[in-house]
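Presented below is the structure to which this report refers.
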Amino acid sequence: MEKSIKRKINVFGKVAKIITMIIIVCLLVAEGFMLVGGIIVACVPKDSVTVDGAGTIDVNVNTEYFGLDGEQFYVNTGSGHLALGEISTGSLNVKNENGNLNVNGDFKQLHFDLNDGMLMLVYGMVYVAAIVVALFFFRALMKQFMVCDSPFNEGVVKKMRAFAIALIPCTAAVLMMKSAISAMLSGSFNFDIDFISVAFVVIIFILTMIFKYGTELQKEHDETV
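Number 216 marks the last residue of the sequence shown (this note's numbering); no jumps.
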């Protein structure tokens, strides 16, 4: 029974190691394409390609259903801007005619040029590089599984801890990319935490502690025997 389990663990480690290496090669190829794309974009004038987003909003509310009139209902826009998700309005009009509250305006906020494209390529390259580094640590962990007699040993625990630490830059890179995209769309920089990535890192650290505890129990068992 123990030999069967050991063989399954070794086979799992071997297969995972091969798959991980294939993924690493694909990511390195993608990194190369992004590097070439970044060089091309850097050689092109930034204003040669621009993208501007614009739109309109038109909201009608029948105040009869809410018991409101023009004096009771008002919209405070501060500097004349109304936040619409991640895009702001440039002008806003509020009218109360015949019991209908009408809000309409135009917004034009989204702007994208080749500088933004270059920035996104750099963020993408950093993110892919962080993933590749983490995958090399994961490959080392799978290699340990491939040759171990038991998953509860110091070698596995050390490799798993190293993999968990290597995941932290990946999480930071995701935060950086999402915040950059949000800033590009809204014009203001906001931290946008990826809770799934954070949860994954926490889970790996918890598994590391579990395997460490299992290793200690294995040592006690071997010493007793």
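Just so you know, even glycine gets a beta-carbon here, dropped at the ideal spot from N, CA and C.
May I ask you to report which of helix, strand or coil DSSP gives SER82?
With a pLDDT of 47 at SER82, under the threshold of 50, the modelled position of that residue is not reliable, and no figure is offered here.
Applying the criterion that 16 or more other CB atoms from any shown protein chain within 10 Å of the CB defines a buried residue, is PHE128 buried or exposed?
PHE128 should be labelled buried.
Rounded to a whole number of angstroms, what is the C-alpha to C-alpha distance between ASP185 and VAL165?
For ASP185 and VAL165, the distance between alpha carbons rounds to 7 Å.
Using only CA atoms, which one of LYS37, ILE0, LEU126 lies nearest to ILE13?
When only C-alpha atoms are compared, the closest one is LEU126.
Taking only the alpha-carbon atoms, compute the straight-line gap between LEU19 and VAL123 and give it to the nearest angstrom.
Approximately 8 Å between the Cα atoms of the pair.
With DSSP run on the structure shown, which of helix, strand or coil describes TYR65?
Note that TYR65 scores a pLDDT of 43, beneath 50, so its modelled location is shaky; the value from the coordinates is reported in the next line. Coil.
Give a yes or no on contact between the region 105 to 122 and the region 142 to 155, applying the rule of three or more CB pairs nearer than 8 Å.
Contact fails: fewer than three Cβ-Cβ distances are below 8 Å.
According to DSSP, simplified to helix, strand and coil, what is CYS161?
DSSP places CYS161 in helix when its eight states are reduced to three.
Alpha carbon to alpha carbon, how far is LEU158 from VAL117?
Approximately 13 Å between the Cα atoms of the pair.
Give me, in chain order, the residues of the same chain whose beta-carbon lies closer than 6 Å to that of ALA155; leave out the 5 immediate sequence neighbours on both sides.
Same-chain partners within the cutoff: ILE195, PHE196, THR199.
So what does DSSP say about PHE143, is it helix, strand or coil?
Three-state DSSP puts PHE143 in coil, outside helix and strand.
Quick check: the Cα distance between LEU112 and PHE24, rounded to an integer number of angstroms?
Taking the straight line joining both Cα atoms gives about 10 Å.
Is LYS(-1) buried or exposed, if buried means 16 or more other CB atoms sit within 10 Å of its CB?
The residue in question, LYS(-1), is exposed, as its Cβ has fewer than 16 Cβ neighbours within 10 Å.
If distances are taken between C-alpha atoms only, which option among GLN209, THR162, THR206 comes closest to PHE191?
Comparing Cα-Cα distances from PHE191 to each of GLN209, THR162, THR206, the minimum goes to THR162.
Is it true that the CB of VAL147 sits closer than 9 Å to the CB of VAL135?
Per the sequence presented here, residue 135 reads as Gln, with Val not at that position. Yes; because the gap between Cβ atoms is below 9 Å, this pair is in contact.
Quick one: measure Cβ to Cβ for MET167 and TYR114, integer angstroms, because I've assumed they're closer than 8 Å.
Between TYR114 and MET167 the Cβ distance is about 6 Å, and since that is below 8 Å, they are a contact.
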